[in-house]
Structure formats: C-alpha cells, structure tokens
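For reference, the structure is listed below as structure tokens.
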Amino acid sequence: MRYLPLTDDDRRAMLETIGADSVDALFRDVPRAAWNTAAPNLPDHLGEIEVERALSVMARKNLDCGAAPCFLGAGAYRHHTPAALDYLIQRGEFLTAYTPYQPEVSQGTLQTLFEFQTQVALITGMDVANASMYDAATACAEAGAMAARITKRKRILVSGSVHPHYASVTATQLQHTGLDVEVLPPDPLAMEDLLGRVDEDLACLIVQTPGFFGHLRDVSKLADALHELGALLVVAVAEPLSLGLITPPGEMGADIVVAEGQSMATPPSFGGPGVGLFATRSKYLRQMPGRLCGETVDVEGRRGYVLTLSTREQHIRREKATSNICTNSGLIALAFSIHMTLLGEAGFTRLAEINHARAVDLAGRLGQLEGVKVLPAAFFNEFAVTLPKPAAEVVEALAARGILGGVPVSRFHPTYPELAEVMLVAATEMNTDADVDALVAALKEIL
Amino acid sequence: MVDTITGNQALQIEQPLIFEQDEPGRTAVDLPAPTIQEDRLGGLRRKTKVGLAGLSEPQVVRHYTRLSQKNYGIDSVFYPLGSCTMKHNPRLNEKMARLPGFGDIHPFQPESTVQGALELMDTLAHWLKELTGMPAVALSPAAGAHGELCGLMAIRAALEARGDARKVVLVPESAHGTNPATAAACGYEVESIPGDGNGRVSLAGLKDKLGPHVAAFMVTNPNTCGLFEGEIIEISKAVHDAGALVYMDGANYNAIMGRVKVAELGIDAMHINLHKTFSTPHGGGGPGAGPTVLSDALAPFAPLPFVVHGPDGFRMIEHARDAAEGQQPFGRMKGFHGQFGVFVRALSYMMSMGKDGLAKASGDAVLNANYLQARLKGSLSASYEGPVMHEALFDDRFLKDTGVSTLDFAKAMIDEGFHPMTMYFPLVVHGALLMEPTETESKQTLDAFCDTLLALAAKAKAGNADWFKAAPRHTPRGRLDEAQAARKPVLRWTPPAQVAAE
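Chains as they are written, first to last, in my numbering: chain R, 7 to 453; chain W, 2 to 503.
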C-alpha cells in the first residue's frame, strides 16, 4: 500500500521491541463488543489509476463553469486564477505545515499571515485584521458575538441586504448565547427602514454592501446614528474585489468588517473551502476572535513573527475564550494574499473596473429585454433583475441550453412569492462578449 | 551570530515584507483597459488608494518561495505533533480536487448540473457512516471545533424537543480547549471531571457529577493522553441513565478507523477531522472539515443542508420545509454546502486506502506510537503504562534538576531536523511532551528520531543546560520574544511616514 512505509519485517521487529504478540494486542483496551468484526460495506484499496478513473467519472457528471457561459454569484464568484498562485500554494512547506506554533520553523507561514492581515486591513479600510475565519457566514456570527461583548448588549439586527446564508448561520450559531438575533425580511429594493429600528438596546446592526441584491450603500449616516446610540456597525462584504473600486466600509464608519475571501483566493469549488476575512478597529482588538500574528524580535534582535494575544483563545482560556475556533482557513488565506500581491494596487483596482464595466454592459443589455428590469441603480459586478416568469424555470431553461445564467432568489427565500421572479446575475472578467450575446439571445427565446 | 554581510545563510535568505518591495504601478498581471461609458457606482467610487504593494511575477514567485523555505512541513521533516495527526498528504488528492468538474463548479448551479458533486457528498457520507456504524452524518462543519458545536447543538435541540434543556456539560480535565469553549458557545456551563490517576476518566467521578442538570458529557477517545477509554461503554450507559447524551471528540479517530465501530460505544455524536484522519493538508492552519456523525436520537436535528436521494437523482435539502417528515434541522452552520474541496480530497484518500488499508493504517499508527514509547521510556519519563494508542505521552520528570525545560528540549530537537512534539498539553501531567508519529513514517525515521531523543536526554542529564537554552541555533530566527509581541501588538505593516507621525 503506497502510503504505508512499514514492511512485515519492520512490524515484527517493532512488536518484539514493544513486547507484544500482534498489532491487535495493542488494542486490548478497546471493548470487544466494538471491534469491527463484520467488515463494513466498503471496497478495498485501489491504485492511483483506479481512483482517478472513478472520481473523474463523477466529476464529468457536473457541468463545470468553464464549459458554459457562467453568470452565477450570490456570494461565490468566479475569477481568473493566475498560474503562479496555484503553484505557490502547493509548495509542500506551505501546504503540509501545521498551525505555526513553533515560530522558529514557521517564519514563512507567519510572515505571510502578517502580510495577509495587512492586506485585509488595507482593502477594508480598517486598523487590524485577524489570521482568518472559516468563511464570511461564520465570521458574521462571530462579529455579532463580539459586538455584544463590547457593548454588553444583547440585541443584534441583521439587515435584509445580508446574504441569507450569513443571516441564518448568525441566527443558528448565536441561538443559545442569550443574544437576540433579529433577521429582517429580504430587501430587493433597498427600501428597508434601518434607522427606525435602532435603539439604545442594540449591540450591532449587520448590513452588507454590495448587498445580496446588488445594491451599493453609503452606510456613513447609519454608522453615525449607531455610534450615537452606543451601538456598532458590522459591514459584510461578499465580493472583496468590490473594495478595489468602491469606498471601503472603514471609511464609512464600520466598526467590524467581515468578508468572504473566496472570490480572490480560489475557484468556487461548489462553495468551499473559502476564507472568512475579519477586520476591526484597534480599540476592539482584545475582543476579536481567531488567531493573530504579530511582529516581534528574536534573541539576536532580528525582526520576526509569532502568534500573539492568545489569551483570547480556547487553548488558553477554555470556556472563557472569545470563540471556540481553532483550525481556520490558513491555506486559502495564503491564496488570497498571494493573489493580492500578484495584482498589486494597479491590478486590483483595474480588475475591479473591468468587473464593473462588464456588469454595466450586461445590465444595459438585459434591461432592454421586454419584461426584464434591473433592480439596483448602483451596483458593482452583480445585480438582481425581475423577469416576466419564475426565475427558477428560466434558470433551468438556460441550463438546458448550456448556459449558467443566474441564481433564482427563490432558492434562498421559497416563502416569499413576490421574489419568485427575481434572479441574481453576476459578471466578471471571465465573461466574454460572446457569453453575454449567448445569454441575451437565450433569454429572448425563453421569456 | 550570523557572520555574513547580508544576514543571509546560503539557502536561507532574509526576505523583506511585500510592502517593502513596492514600486507604484508595478503588477504581476496584464489586464486590458476597461471600456466603460459611465459608471453605476452611485457616487461611491473609492477616493483613496488601497495601499497594496506592486511587484512583478518573478518577484512574487521568489518572495513566496523564499518564505516557504523558512517552514517545516510534513513533506520535509518528521512532524510528531501530538493530537494533530500529521500524516502524509497524498498529491493525488490535490489533483482530484482540481478536476474542473469539482473545482470549477458553483454552489448555486441548478441541481441537474451538479449530480456528480452531490454523488460525491453522498458517497463520502456513506463511507463515514459505514466506518463508524452511526446512522447519520452532518457534513457541513468546517473544522473540529465547528463539528463539536454541531454535535452540541444537535444535543441541545434533542433535549429541548423533549422539554428538558438542561444547563451543564461535563468535560474531562484532559480535554482540548475547544471542548469547554464549544460548550460555552452553546450556552452551557462547564464542569470538569477528574482523571482516575491512570490517564483516563474516573467513572466514579463522572457518576458523582451526573444529574438532572447535565445535558452532555464530552469525551475525547482515544483521549489526549493517548489512551483508549476502556470503560466507554459503561460511561455512555451512566450518562444515558442520567438522561444526558455523549459527545465523543473524534480528534484522535486515526487510531481506530476501520477497527472500532464507534456506534457500539454507545455515543450520540462524534466529529471526524478530515484534515487529520483522512489526509487532507493542514495548510498552515486550515482549511479543515469536521463532519459529525449522529445517533438515531440526534439524526432528526442534523443541520442544513444535506443530500438526499430523490426520484430524479440526488437533491440538496436547503430548507427545513423540504426535509422529510420528522426532520427538525437545528439551523445552518456554514455558508454554501460545507468544505466541498476537502470532501473530494478525503474521498480520494478513502478510496485509495479502502477498508483494508484504513484498518492497516490505524494499526501501523498505533504500532509506531508504541514503538516510540518502548524505545524512549527507559530514558524519558512515560506518563502512563502502555499500550498506548496513536500517541505517546511523556512528562518532564526525566529533566528534573537538569535546568532544561520541556521547551528547551523541544527547541533542541528543531536543530536536529525534527519538528517538536506537542508541548505542555495535556495539562494533566507536568511539562507534557505528546508524540504522535502517524502511520506514514518509516521505521528508519522512527529509529533516527529515537536515537536523537535518547542522545539529547543524555546530554541534558549530563548538565548542558546553557546549550539547550540557546537552541535553536540553525533556524532562520532564534527564539522569539513573545512577551513583547503581546505587550505592544504590531499586527500589520504601516507605511514608515505614518509610523514616524505616530
């Protein structure tokens, strides 16, 4: 078996050293009743060729986004991955290292984390960022809990602009913490009255921009109003590329920013793994969840990096920790960071422009179709449209024509009949003019 | 002291931060100029620079290559971190996860276009259920601690459904920190259960603490001392008799995969770290995946989403209203559908090993740990009598009066080309050294490791404390000042002008 170095001779010699008769004898503490005597209903080992063959058959049953014009978003975006990125994250010293608990032999991972934290702080316009969370949805829940710790209040309000998965994960994760999470109904027209719902009991308001339906939002006034009341503003970002073009939440008064880093790090991979970005103000640092990498010096005074402020964390504080998180999303954080480094200021801002230009063009084309209306006036690379037919049917009809044309909002909100005809459409640099032509032509036939 | 002019040491090159290599306008991507008539940003165009560094592609590749060379990884060294299961990460898994039909599919494609992805999730679930004998599995938790939360939330939902929420979760004193932190995150008070003096849970101590206020007992098995809780069936029975449920922390499942049917242990929930047991890479701290198997009592409360067999193929259930009658999901734990890319890697490994290979691997993992214990126990102080399971626990009695601490000993190992074992955990012994070799190490590697440790132990006992205190000497950095890092936190780079102004 290719992954097992021991030979039968080795095993015999080792058992002799141990003074045991057999490997089974080493399991003597396991109750007999639990021994796996009846072999499970599973196959025996396979060679590399057979595994590759079997999994390739499974993979080919999927329509991959590279094989179809693809306009899917709703929190997962498909961008070009530079060849150098996928090579670098597969270097064994990054890929097969553990969490950097021994800093002398982990300076590689630690320096990249320090650079990652800096990049996240820069793009969000915040002071500090942590070394990553699982994803944006769980980061959103952690932000709610953190705001409650800071304000010592219990009410968390989630705007209808927030991705429904972020909202439901927040509600689920905090349901037994004594906090009161109120999720507002979906807000396709960006009409919800948030200012009317904030008061002195509120720990934080969570909003998203660009919103789930695509709307860009100036949250400055909201931030002022919340701060007046002693509450915090949490801003969620589902598409971090937007921060290359639009005013970052940190410049609009956000206290905590959470984001999904997938779009800038890794292909969609059916939605996981991604990476949760988490940034805040310096003054809230000690209430932050997750790992932090900090700069220090070694015994010879040379600059180096370590994991720090771990007295917030579970392995030290146990039940009093700021979060139970341990393993986070290190390698995807590295991928995110390498992509940011490859792009740089010039590439990041230009890529954002290209995405916006592509979306503006697409919105113009779709808006000319009979019965189709683009909902947001201001958007980045994604927007909701209303269709003259149920969006779920339209999406199926498009798929039958080999086009991944959009995401029906009914998939998230089946109990809102008024949203049945709303579809989310995203455009990125991966879409060509021909893709747009194909989508428009197919919609003309279907609608 | 490094005596070169540059501070470099041949292959070890001093590498500045990317921000210190910045030249404005430089980039490693060539993108066309966008053509846009009029933006639709509603006046929210960014007015400030982002501040990202500009480098070319060769600079970027060299930067990360040089940084990678400052890391130990399993690919390069023996990495016997206890409780972390640092086994070989097969590259076939990486190749499979990058097949376009797995890597380049979107979570919200129509179901008809992702039947292969749903089949993969269903197949992985089948393997996990068959191996453990448990009737259900929730795939979506993102890591071990997240799986713990999944299990406790299911337990709480089941208790609340019978109108009996309860208040307390019991946790052994040897548990990982995530256990009490998770119990607290699920709204429970935590009470600690003492050990029996032999590295295991005290059944009598547990029975003393059980009562109508106890919701669950969390037990790591094999435990963090590397021992199997031989009384687990009695433990489960006692917990159930008190009306509570059993959460088994499966962090150390590698010792028993393919050999022990955990369903027969009487437990109600257990997470499985795919990034340990099933060989997906740790990546310097994730991503992982923590699927959680559930008993019949908890299965109805499994979180969304999950895959079911429908009349026209596989279906993804994303809302409680679409679930079968009797299902009452406690909510959603994760965006999208879980760590799909990790699922692909884990299934690739499972298929490679097969049921025969998995049993052989857990046997070799246990054999390797016992071999370390047998070779080292004459010189290092083994904390408990064997046989051990997947890891061997030593404490610092052998260093008594040498002036050398567990930390010093570990740092000396680094210079010898070994990643240290887990230090100072579990907390139940003094100066713990917890070694987990895994099954993917050869006898030659184990022998070289044991020879080195025995020589180091002899050196410590011969009175060379200063030599140990100065280790490591041959690493890119010597010991780092962690106190300074925490006292004056510098968590990001700041432009020099701004630093001067502050």
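C-beta atoms are modelled at their ideal positions from N, C-alpha and C, and glycine is treated no differently.
Give the interface partners of residue i over in chain R, defined as CB-CB distance under 8 Å, in chain order.
i        : result
Trp128/W : Leu48
His320/W : Pro420
Ile234/W : Pro37, Ala39, Ala40
Lys378/W : Near Lys378/W there are no residues of chain R at all, since even the closest Cβ is about 10 Å away, more than 8 Å.
Gln340/W : Gly278, Pro279
Tyr73/W  : Glu99, Ala103, Gln108, Val111, Ser112
So what does DSSP say about residue i, is it helix, strand or coil?
i        : result
Gln117/R : helix
Tyr311/R : strand
Val215/W : strand
Gly6/R   : Because chain R in this structure spans residues 7 to 453, residue 6/R falls outside the shown range and cannot be described.
Gly196/W : strand
Glu22/R  : helix
His272/W : strand
Ser384/W : coil
Val240/R : strand
Cys71/R  : helix
Glu483/W : helix
Pro170/R : helix
Phe395/W : strand
Ala363/R : helix
His64/W  : helix
Phe389/R : strand
Gly1/W   : Residue 1/W lies beyond the stretch modelled for chain W, which goes from 2 to 503, so this question has no answer here.
Leu305/W : strand
Can you tell me the Cα-Cα spacing of residue i and residue j, whole angstroms?
i        : j        : result
Met351/W : Thr441/W : 15 Å
Leu53/W  : Phe120/R : 14 Å
Val213/R : Pro49/R  : 49 Å
Met424/W : Ile14/W  : 29 Å
Gly134/W : Ala60/R  : 25 Å
Ile452/R : Ile318/W : 27 Å
Val175/R : Gly350/R : 33 Å
Met354/W : Gly231/W : 28 Å
Ala397/R : Gly259/R : 36 Å
Leu228/W : Gly404/W : 30 Å
Ala173/R : Thr328/R : 20 Å
Leu372/R : Ala447/R : 10 Å
Cys187/W : Asn387/R : 38 Å
Gly296/R : Ala142/R : 13 Å
Ser275/R : His283/W : 18 Å
Met20/R  : Ala270/W : 35 Å
Taking the alpha-carbon of residue i as reference, which of the options has the nearest alpha-carbon?
i        : options                                : result
Met197/R : Pro382/R, Phe418/R, Tyr83/R            : Pro382/R
Pro88/R  : Thr347/R, Glu257/R, Val446/R, Thr183/R : Thr347/R
Trp128/W : Pro192/R, Arg97/R, Ala149/R, Pro46/R   : Pro46/R
Ala239/W : Glu230/W, Ala205/W, Thr221/W, Glu265/W : Ala205/W
Thr105/R : Arg67/W, His147/W, Cys85/W             : Cys85/W
Ile156/R : His85/R, Leu78/R, Gly236/R, Gly373/R   : Gly236/R
Cys299/R : Ala19/R, Ala90/R, Ala135/R, Gly131/R   : Ala135/R
Pro420/R : Gln485/W, Gly336/W, Ala321/W           : Ala321/W
Met414/W : Thr403/W, Lys460/W, Gly104/W, Ile273/W : Lys460/W
Ser360/R : His86/R, Leu10/R, Asp16/R              : A small fix is needed here, since residue 360/R is Ile in this sequence, not Ser. Ile360/R has its Cα closest to that of His86/R, out of His86/R, Leu10/R, Asp16/R.
Glu301/R : Tyr9/R, Glu58/R, Gln113/R              : Gln113/R
Residue i versus chain W: which residues are under 8 Å apart at the beta carbon?
i       : result
Asp27/R : Neighbours of Asp27/R on chain W: none; closest Cβ ~11 Å, over 8 Å.
Please list, in chain order, the chain W residues whose beta carbon lies closer than 7 Å to that of residue i.
i        : result
Ile252/R : Leu42, Leu45, Arg46, Arg47
Cys71/R  : Asp105, Ile106, His107
Met64/R  : Gly117, Glu120, Leu121
Which bits of chain W does residue i rub up against, with CB to CB less than 9 Å?
i        : result
Phe385/R : Arg41, Leu42, Gly43
His321/R : His177, Gly178, Thr179, Ala182, Phe426
Glu245/R : Neighbours of Glu245/R on chain W: none; closest Cβ ~13 Å, over 9 Å.
Tyr9/R   : Lys88, His89, Pro91, Ser280, Tyr350, Ser353, Met354, Gly358, Ala362, Glu440, Thr441
His51/R  : Met352, Ser353, Met354, Gly355, Lys356, Asp357, Gly358, Leu359, Lys361
Strictly below 7 Å CB to CB, what residues from chain R border residue i?
i        : result
Cys187/W : His182
Quiz prompt | Cβ pair count under 8 Å reaching 3, the stretch 138-146 of chain W against the stretch 338-350 of chain W | solution = yes
Self-check item: Cβ contact check for the stretch 471-478 of chain W and the stretch 436-452 of chain W: 3 or more pairs under 8 Å
Solution: no
Quiz prompt | the stretch 293-301 of chain W contacting the stretch 98-110 of chain W, beta-carbon criterion three pairs below 8 Å | solution = Segments in contact, no.
Quiz item: Is it true that the stretch 125-140 of chain R meets the stretch 274-289 of chain R, where meeting means three or more beta-carbon pairs spaced less than 8 Å apart?
Solution: yes
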